[in-house]
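Peer 1:
There are 2 protein chains.
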Amino acid sequence: MSLPPLFIPAQVGRAGEDVALQLEVAILSEKILPGVSLPSERELQHQFQTGRGVIREAIRVLKQKGLIEIRKGSKGGAYVKKIEVSNVSESLALFLKQNHIDPIHVAEFRESIDRTITYLAIARASVAEKQLLVEKTKELFVFIDQPEPDMKVLGEMDRDLNILLAKMAGNPIFEWIMRALQLGFSSHDQTLYEHPDYREKTIINWYETAQQIADNEPLSALASISIHYAALRHCLAAHNNRAPAEAQRPEILLKEDGTLSNHDKVKDL
Amino acid sequence: MSLPPLFIPAQVGRAGEDVALQLEVAILSEKILPGVSLPSERELQHQFQTGRGVIREAIRVLKQKGLIEIRKGSKGGAYVKKIEVSNVSESLALFLKQNHIDPIHVAEFRESIDRTITYLAIARASVAEKQLLVEKTKELFVFIDQPEPDMKVLGEMDRDLNILLAKMAGNPIFEWIMRALQLGFSSHDQTLYEHPDYREKTIINWYETAQQIADNEPLSALASISIHYAALRHCLAAHNNRAPAEAQRPEILLKEDGTLSNHDKVKDL
DNA sequence: TCCCCTAGAATGGTACGACCATTTATGGTG
DNA sequence: CACCATAAATGGTCGTACCATTCTAGGGGA
Numbered sequence: 653m654s655l656p657p658l659f660i661p662a663q664v665g666r667a668g669e670d671v672a673l674q675l676e677v678a679i680l681s682e683k684i685l686p687g688v689s690l691p692s693e694r695e696l697q698h699q700f701q702t703g704r705g706v707i708r709e710a711i712r713v714l715k716q717k718g719l720i721e722i723r724k725g726s727k728g729g730a731y732v733k734k735i736e737v738s739n740v741s742e743s744l745a746l747f748l749k750q751n752h753i754d755p756i757h758v759a760e761f762r763e764s765i766d767r768t769i770t771y772l773a774i775a776r777a778s779v780a781e782k783q784l785l786v787e788k789t790k791e792l793f794v795f796i797d798q799p800e801p802d803m804k805v806l807g808e809m810d811r812d813l814n815i816l817l818a819k820m821a822g823n824p825i826f827e828w829i830m831r832a833l834q835l836g837f838s839s840h841d842q843t844l845y846e847h848p849d850y851r852e853k854t855i856i857n858w859y860e861t862a863q864q865i866a867d868n869e870p871l872s873a874l875a876s877i878s879i880h881y882a883a884l885r886h887c888l889a890a891h892n893n894r895a896p897a898e899a900q901r902p903e904i905l906l907k908e909d910g911t912l913s914n915h916d917k918v919k920d921l
Numbered sequence: 653m654s655l656p657p658l659f660i661p662a663q664v665g666r667a668g669e670d671v672a673l674q675l676e677v678a679i680l681s682e683k684i685l686p687g688v689s690l691p692s693e694r695e696l697q698h699q700f701q702t703g704r705g706v707i708r709e710a711i712r713v714l715k716q717k718g719l720i721e722i723r724k725g726s727k728g729g730a731y732v733k734k735i736e737v738s739n740v741s742e743s744l745a746l747f748l749k750q751n752h753i754d755p756i757h758v759a760e761f762r763e764s765i766d767r768t769i770t771y772l773a774i775a776r777a778s779v780a781e782k783q784l785l786v787e788k789t790k791e792l793f794v795f796i797d798q799p800e801p802d803m804k805v806l807g808e809m810d811r812d813l814n815i816l817l818a819k820m821a822g823n824p825i826f827e828w829i830m831r832a833l834q835l836g837f838s839s840h841d842q843t844l845y846e847h848p849d850y851r852e853k854t855i856i857n858w859y860e861t862a863q864q865i866a867d868n869e870p871l872s873a874l875a876s877i878s879i880h881y882a883a884l885r886h887c888l889a890a891h892n893n894r895a896p897a898e899a900q901r902p903e904i905l906l907k908e909d910g911t912l913s914n915h916d917k918v919k920d921l
């Protein structure tokens, strides 16, 4: 109760956006703190003087933005949470996905990021963190010589290693970028792990890089990274030759074919 | 019509997510192309065998993800669009806002990106592009010695220069990242332009960098960039000293104060 | 014939009410 | 004291009605 009620009635026509905006402001300005729930939908409905549908749509938007988390049942509701890197990464991943980025460009970008991350990690990470990285890379060795390794597990370990390293750089933006890249192209490093040859080399390379990071040898570590990406480029080139896959983007369909209804313009499954 | 109807009825309990997911897959797999609209809400309602509210919530999610654009009226509907950088930058900005990212981290990230971009631009851009960059940087000189420069125009020119340079790197990812950064922190480089001293130095530095790129002198160009960011760091440090702004994040409130209703836990306006 | 303008249709936006499903708290029963 | 049934709170779904906006087609006037 009380409260010059925090929220004011929404204007019609864009009530949804209005409500979402007011709630977002309240959250970002920390008038509602992480861990606390927003009022229930029915309560908000009263405060905003609007229909419940509007409230629900606004809440969906906030949920999508990663600002809140929704729980069902008694004591349920929309709980404010801290934005986490993983939430934000999705949009970049989506973006990269829909724009058909050439894997070679992704590799190039990642190499650039990786080099900086490595450099920073050597300078900033604690001895314990560096040692942890080495230990984690050691775990990869169980995959060597296996004829049929569990690619899912291997990919996940690789991903975790990359994120761990990014964290060690001590700059959250790098972690964000790395997570986004992993989300968008989890299948990416897979190409390297597919061939037993490359797999072994890549795993050894990971271990050596970690060791060089732990030993504070930036030049050696950067050299290892160069080797890794040279292998990746080589591998990608081989793939491309096998399947040139022109991937021409279809142009936007114009609407002059007025004879078709919307869902007739849709490609068949 | 036709169609083994593209979409299948949604399960209850999480129908909204289900619908959103199916629509997203249809869009990302290009079963529905950019510029074409999804079926109307009422049509989707039939295809998914669900209520209209569910459809609307799903559509809100897609809109928030930046996958579609909604138009009212006849021939209105949810039109698929290509994802644009603005969506990425919005979530990036949101992330930085709620997590109180240190500007120094942004600068660090940008420096890393800038160095790679410069390196690539020297290797890949055409002579004409490089000359264009030089010409554009020359235009900055009109701002030197002006006591009250139009910061808006200056900021815009700086932004365009950055994006132009990113384009010259010949890898779209760098361009997009640069655009996102510019949109997310347009105010960022402003700090450098605010002081007449730094302003002049920064402008001269831009020109020198462009010239060195045109002359294919990567090492000199990288040195110039280092100087630029050293100045930026210095400038940011000065700002921080003036306003330490501890910005302690309040810890998550626990729920043991069961006597208060949800909206009583909210801070007053 | 040509232009404008209005009426209708299509579509998203809002409101309300009912009921279901899930979760938590409460209190009774063994 | 432990366990379980019941009630209450809350999000999730459905359906209907109506409003607001936009496009289109057809009619009326110049």
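Chains as they are written, first to last, in the numbering used here: chain A, 653 to 921; chain B, 653 to 921.
Glycine residues also receive a C-beta, built at the ideal position from the N, C-alpha and C atoms.
Because the structure is a prediction, the values reported are computed rather than measured.
1. Return the chain-ordered ranges of every beta strand (DSSP E) run that is complete within the stretch 720-788 of chain B and spans a minimum of 3 residues.
2. Using three-state DSSP, classify Ser876 of chain A as helix, strand or coil.
3. Leaving aside the five residues before and after Tyr645 of chain B along the sequence, list all residues of the same chain whose C-beta is less than 6 Å from its C-beta, in chain order.
4. Quick one: is Ile753 of chain A near chain B, going by C-beta distance under 8 Å?
5. Counting C-beta neighbours from all protein chains within 10 Å, is the total for Ala897 of chain B 16 or more, i.e. buried, or is it exposed?
6. Along chain B, in chain order, which residues have C-beta atoms closer than 9 Å to that of Gln864 of chain A?
7. Quick check: the stretch 682-701 of chain A against the stretch 683-690 of chain B, are at least 3 beta-carbon pairs closer than 8 Å?
8. Assuming Ala883 of chain B and Thr854 of chain B are in contact, meaning their beta carbons sit under 8 Å apart, how far apart are those beta carbons, in whole angstroms?
9. Spell out the partners DSSP gives Ser689 of chain B in its beta bridges.
10. Rounding to the nearest angstrom, what Cα-Cα distance links Ala747 of chain B and Asp812 of chain A in this structure?
11. Assess contact between the stretch 782-793 of chain A and the stretch 780-790 of chain B, defined as three or more Cβ pairs (one per stretch) separated by less than 8 Å. Is contact present?
12. With C-beta atoms as the reference, is Leu673 of chain A less than 8 Å away from Arg767 of chain A?
13. Closest Cβ-Cβ distance between Arg723 of chain A and chain B: below 8 Å?
14. Can you name the start and end residues of the alpha helix (DSSP H) that Ile855 of chain B belongs to?
15. Would Ile825 of chain B pass as an interface residue toward chain A - the criterion being a Cβ-Cβ separation below 8 Å?
16. Should Pro691 of chain B go down as buried or exposed, given a rule of 16 or more other Cβ atoms within 10 Å for buried?
17. For the alpha helix (DSSP H) that Val671 of chain B lies in, which residues bound it at each end?
18. Go ahead and pull the three-state DSSP assignment for Thr843 of chain A.
19. In terms of residues, what are the limits of the alpha helix (DSSP H) holding Asn814 of chain B?
20. Please confirm if Ile720 of chain A has its CB atom under 8 Å from at least one CB of chain B.
21. Which same chain residues end up closer than 6 Å to Ala818 of chain B when comparing Cβ atoms and leaving out the 5 residues on each side of it in sequence?
22. If Val794 of chain A and Ala862 of chain A are in contact, beta carbons under 8 Å, what's the gap, nearest whole angstrom?
23. Beta carbon of Glu709 of chain A, beta carbon of Glu709 of chain B: below 8 Å?
24. Would you mind working out which of B:Ser778, B:Asp810, B:Ile720 and B:Leu792 sits nearest Glu750 of chain A, comparing C-alpha positions?
25. Which residues, in order along the stretch 694-708 of chain A, keep a beta-carbon less than 7 Å from a beta-carbon of chain B?
26. Show which residues of chain B have a CB atom less than 7 Å away from the CB atom of His891 of chain A.
27. Leaving aside the five residues before and after Glu857 of chain A along the sequence, list all residues of the same chain whose C-beta is less than 7 Å from its C-beta, in chain order.
28. Any beta carbon of chain A sitting closer than 8 Å to that of Phe837 of chain B?
29. Below 7 Å between beta carbons is the criterion; list the residues of the stretch 732-750 of chain B that meet it against any residue of chain A, in chain order.
30. Could you give the residue range of the alpha helix (DSSP H) that holds Gln834 of chain A?
31. Looking at the secondary structure, which residues open and close the alpha helix (DSSP H) in which Lys715 of chain A lies?
32. Tell me whether Lys683 of chain B sits in a helix, a strand or coil according to DSSP, three-state version.
33. On the criterion of 16 or more Cβ atoms from any shown chain inside 10 Å, does Arg922 of chain B qualify as buried, or is it exposed?
34. Among B:Lys727, B:Glu676 and B:Ile865, which residue has its Cα nearest to the Cα of Arg776 of chain B?
35. Count the other CB atoms, across all protein chains shown, that sit within 10 Å of the CB of Ile796 of chain B; report buried if there are 16 or more and exposed otherwise.
Peer 2: According to the structure shown:
1. With a minimum length of 3 residues, the continuous beta strand (DSSP E) runs that stay inside the stretch 720-788 of chain B are 720-723 and 729-732.
2. Here residue 876 of chain A refers to the residue found at position 224 when the first sequence is read from its first residue. Ser876 of chain A: helix per DSSP, three-state reduction.
3. Absent from the structure is residue 645 of chain B, since the part of chain B shown begins at 653 and ends at 921.
4. Taking the first sequence and counting its residues from 1, one reaches residue 753 of chain A at position 101. Closer than 8 Å to some Cβ of chain B, the Cβ of Ile753 of chain A qualifies, so yes.
5. Within the second sequence, the letter at position 245 stands for residue 897 of chain B. Summary for Ala897 of chain B: the model assigns pLDDT 42, below 50, so the residue's position carries little reliability; its value from the coordinates is reported in the next sentence. Taking every protein chain shown into account, the CB of Ala897 of chain B has fewer than 16 other CB atoms within 10 angstroms, so this residue is exposed.
6. Sequence index remark: in the first sequence, residue 864 of chain A carries index 212 (1-based). Here the premise fails: no neighbours, minimum Cβ distance about 20 Å.
7. With the cut-off at 8 Å, the stretch 683-690 of chain B and the stretch 682-701 of chain A do not touch.
8. Residue numbering aside, residue 883 of chain B sits at position 231 when the second sequence is read from its first letter. Residue numbering aside, residue 854 of chain B sits at position 202 when the second sequence is read from its first letter. That belief holds up - the Cβ atoms of Ala883 of chain B and Thr854 of chain B are roughly 7 Å apart, short of 8 Å.
9. Mapped onto the second sequence, residue 689 of chain B falls at position 37. Per DSSP, B:Tyr731.
10. Locating residue 747 of chain B in the second sequence gives position 95, counting from the first residue. Locating residue 812 of chain A in the first sequence gives position 160, counting from the first residue. Rather than Ala, the amino acid found at residue 747 of chain B in this sequence is Phe. Rounded to the nearest angstrom, the two C-alpha atoms are 21 Å apart.
11. Output reads no: the stretch 780-790 of chain B does not touch the stretch 782-793 of chain A.
12. Taking the first residue of the first sequence as position 1, residue 673 of chain A is located at position 21. Taking the first residue of the first sequence as position 1, residue 767 of chain A is located at position 115. For Leu673 of chain A and Arg767 of chain A, no; Cβs fall outside 8 Å.
13. As a first step, residue 723 of chain A is located in the first sequence; it is residue number 71 there, counting from the start. For Arg723 of chain A, the closest Cβ of chain B is not nearer than 8 Å.
14. For the purposes of this step, residue 855 of chain B is taken as the residue at position 203 of the second sequence. Unbroken alpha helix (DSSP H) run through Ile855 of chain B: Pro848 to Ala866.
15. Here residue 825 of chain B refers to the residue found at position 173 of the second sequence. So, interface residue.
16. Position 39 of the second sequence, counted from the start, is the residue given in the question as residue 691 of chain B. It counts as buried.
17. As a first step, residue 671 of chain B is located in the second sequence; it is residue number 19 there, counting from the start. DSSP places Val671 of chain B inside the alpha helix (DSSP H), whose first and last residues are Ala667 to Leu680.
18. As a working mapping, residue 843 of chain A is identified with position 191 in the first sequence. Judged by DSSP in its simplified three-state form, Thr843 of chain A adopts helix.
19. If you number the second sequence from 1, residue 814 of chain B lands on position 162. For Asn814 of chain B, the enclosing alpha helix (DSSP H) stretches over residues Met803 to Met820.
20. By one-based count along the first sequence, residue 720 of chain A stands at place 68. It does not: the Cβ of Ile720 of chain A has no partner Cβ on chain B nearer than 8 Å.
21. Mapped onto the second sequence, residue 818 of chain B falls at position 166. Within the same chain, Ala818 of chain B has close Cβ partners Ile769, Phe826, Glu827 and Met830.
22. Taking the first residue of the first sequence as 1, we reach residue 794 of chain A at position 142. Taking the first residue of the first sequence as 1, we reach residue 862 of chain A at position 210. Actually they do not touch by this definition, with Cβ atoms about 16 Å apart.
23. Walking along the first sequence from the start, residue 709 of chain A turns up at place 57. Walking along the second sequence from the start, residue 709 of chain B turns up at place 57. Cβ atoms of Glu709 of chain A and Glu709 of chain B: closer than 8 Å.
24. Numbered from 1 along the first sequence, position 98 holds the residue referred to as residue 750 of chain A. In the sequence as presented, Glu is not what sits at residue 750 of chain A; that position holds Gln. For the residues B:Ser778, B:Asp810, B:Ile720 and B:Leu792, the minimum Cα distance to Gln750 of chain A belongs to B:Ile720.
25. Listed by position along the chain: Glu695, Gly705 and Arg708.
26. As a first step, residue 891 of chain A must be located in the first sequence, where it is residue number 239. The contacting residues do not exist; His891 of chain A stays about 19 Å from chain B at best.
27. Looking up residue 857 of chain A in the first sequence gives position 205. The residue asked about is misnamed: residue 857 of chain A is Asn in this sequence, not Glu. Non-local beta-carbon contacts of Asn857 of chain A in its own chain, meaning distances under 7 Å to residues more than five positions away in sequence, involve Ser876, Ile879 and His880 in chain order.
28. For the purposes of this step, residue 837 of chain B is taken as the residue at position 185 of the second sequence. Closer than 8 Å: no.
29. Residues passing the 7 Å Cβ filter: Lys734, Ile735, Asn739, Val740, Ser743, Leu744, Leu746, Phe747, Lys749 and Gln750.
30. Stepping through the first sequence from its first residue, residue 834 of chain A is reached at position 182. Per DSSP, Gln834 of chain A belongs to the alpha helix (DSSP H) from Pro824 to Gly836.
31. One-based indexing of the first sequence puts residue 715 of chain A at position 63. Per DSSP, the unbroken alpha helix (DSSP H) holding Lys715 of chain A starts and ends at Arg704 to Lys717.
32. Taking the second sequence and counting its residues from 1, the one referred to as residue 683 of chain B is at position 31. Coil.
33. Here chain B has residues from 653 to 921 only, and residue 922 of chain B is not among them.
34. Within the second sequence, numbered from 1, the residue matching residue 776 of chain B stands at position 124. Nearest of B:Lys727, B:Glu676 and B:Ile865 to Arg776 of chain B, Cα basis: B:Ile865.
35. Along the second sequence, one-based indexing puts residue 796 of chain B at 144. With a 10 Å radius around the Cβ and a threshold of 16 neighbouring Cβ atoms, Ile796 of chain B comes out exposed.
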